[in-house]
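Residue numbers (the UniProt record's numbering): 1 to 289.
What follows is the structure, given as structure tokens:
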């Protein structure tokens, strides 16, 4: 190094140490170490709740000011004697019979709800979400199953930005399920965040699409992964870009829906008008609950 340049470098406060290629990754080490020190003190029994809250925070923190992050999450409220004192034992019996029949492993969420149908009729129902199915139950008849939807057909969930407990569960090929969480203890306890899964998947033909919310040093993101037996492909959408990406996604979804409806109408005309509507499915779709 020429003498003049070396002398100038030596007079700098850092003695001329140039930024290295590893400086950026190494600068995150203190943050990662601190995060590890905090996480290692969390009991293993609480980690599932922490992961669920992180997923809910990524989805709701900019959209809904109160989603219940400052309290413990029970999630299975119908099994709780404190939250469901009159019927927790009845629900436990129904839960056991469903587990024996359908073989699910974990209960992700359960609660009493007020269900609203397409005719604006309201009924008291119960909601049970497992790792395999979404169940709509009738509390007045020992939690009889009125509707069972495979979890792969649950394509999304919508909530409002207020304190209300309105939840819309979007179902593939079926009417959306619109409910309000209620009969909570204490009243109006904010539980919508507990309904958000850590990751959602949709199966179409031989492909499976996974949706996961995460966070790294660059911020919050949504990762969409396409998985087939032979390969896996993924895209990551930063939260700060979701305003534009989500709007474009919705526009294309509406366009595809319109094309599909036009094709369905053409097929209906070729068949001479069809033979009328088919029979409704069992349970609430029959009695228009």
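By construction, the Cβ of each residue, glycine as well, lies at the ideal position given by its N, Cα and C atoms.
Go to residue 100, then tell me how far its alpha helix (DSSP H) extends in each direction, as first and last residue.
Counting along the chain, the alpha helix (DSSP H) containing residue 100 begins and ends at 88-102.
With H, G and I counted as helix, E and B as strand and the rest as coil, what does DSSP make of residue 40?
Residue state, collapsed to three classes: coil.
Note the first and the last residue of the continuous alpha helix (DSSP H) segment covering residue 153.
Premise fails: residue 153 is in no alpha helix (DSSP H) and is neither H nor E.
Under a three-way DSSP split, which group does residue 134 fall into?
In the structure shown, residue 134 sits in a strand (DSSP, three-state: E or B).
Mapping the DSSP letters down to three states, classify residue 270 as helix, strand or coil.
It is helical.
Below 6 Å CB to CB, which residues in the same chain sit around residue 148 once its five sequence neighbours on both sides are set aside?
Within the same chain, residue 148 has close Cβ partners 133, 135.
As a quick exercise: from 242, 261, 179, pick the residue whose alpha carbon is nearest that of residue 124.
Nearest C-alpha to residue 124: 179.
List the whole-angstrom C-beta distance separating residue 185 from residue 165, where the pair is believed to meet the contact cut-off of C-beta under 8 Å.
Rounded, the Cβ-Cβ distance is 13 Å, inconsistent with contact.
Could you name the residues of the same chain whose beta carbon sits closer than 8 Å to that of residue 90, not counting the 5 residues immediately before and after it, in chain order?
Once the five neighbours on either side are set aside, the close Cβ partners of residue 90 are 142, 143.
Between the stretch 100-120 and the stretch 73-90, are three or more C-beta pairs nearer than 8 Å?
Touching, yes.
For residue 158, which residues from the same chain have a beta carbon less than 6 Å from its beta carbon, with the 5 sequence-adjacent residues on both sides left out?
Excluding sequence neighbours, residue 158 sits near 168.
I need the straight-line Cα distance from residue 26 to residue 70, nearest angstrom please.
Cα to Cα, residue 26 sits roughly 33 Å from residue 70.
How long is the line joining the alpha carbons of residue 41 and residue 50, rounded to whole angstroms?
Those two C-alpha atoms are separated by around 12 Å.
Tell me whether residue 173 sits in a helix, a strand or coil according to DSSP, three-state version.
Coil.
Mind checking which residues open and close the beta strand (DSSP E) that includes residue 116?
Run containing residue 116: 107-116, per the beta strand (DSSP E) assignment.
May I ask you to list the residues that DSSP assigns as paired with residue 124?
In DSSP, residue 124 forms a bridge with 114.
Tell me, which residues are paired with residue 180 by DSSP?
The partner list for residue 180 (beta bridge, DSSP) reads 114, 166.
From residue 46 to residue 234, what does the alpha carbon distance come to, in whole angstroms?
Going by the C-alpha atoms only, they are around 30 Å apart.
Within the same chain, show all residues whose beta-carbon is closer than 7 Å to that of residue 64, passing over the 5 residues directly before and after it, in chain order.
Around residue 64: 159, 161.
Of all the options 173, 56, 79, 226, which has the alpha carbon lying nearest to the alpha carbon of residue 128?
Of the candidates 173, 56, 79, 226, the one whose C-alpha sits nearest the C-alpha of residue 128 is 79.
Please state the DSSP three-state secondary structure of residue 80.
DSSP places residue 80 in coil when its eight states are reduced to three.
Skipping 5 residues on each side, what residues in its chain have a beta carbon closer than 7 Å to that of residue 66?
163, 190, listed in sequence order.
Just the C-alpha distance for residue 194 and residue 183, rounded to the nearest angstrom, thanks.
Computed Cα separation, rounded: 16 Å.
Using a 10 Å radius around the Cβ and a threshold of 16 neighbouring Cβ atoms, would you call residue 269 buried or exposed?
With fewer than 16 other Cβ atoms within 10 Å, it is exposed.
Rounded to a whole number of angstroms, what is the C-alpha to C-alpha distance between residue 30 and residue 37?
Cα-Cα distance, rounded: 10 Å.
For a quick check, are the C-beta atoms of residue 237 and residue 249 less than 7 Å apart?
Cβ distance not < 7 Å, so residue 237 and residue 249 don't count as in contact.
If we require 3 or more residues per run, which beta strand (DSSP E) segments fall completely within the stretch 228-264?
Runs found: 232-238.
Spatial neighbours of residue 75 within its chain, please: C-beta separation below 6 Å, excluding the five flanking residues on both sides.
Around residue 75: 109, 194.
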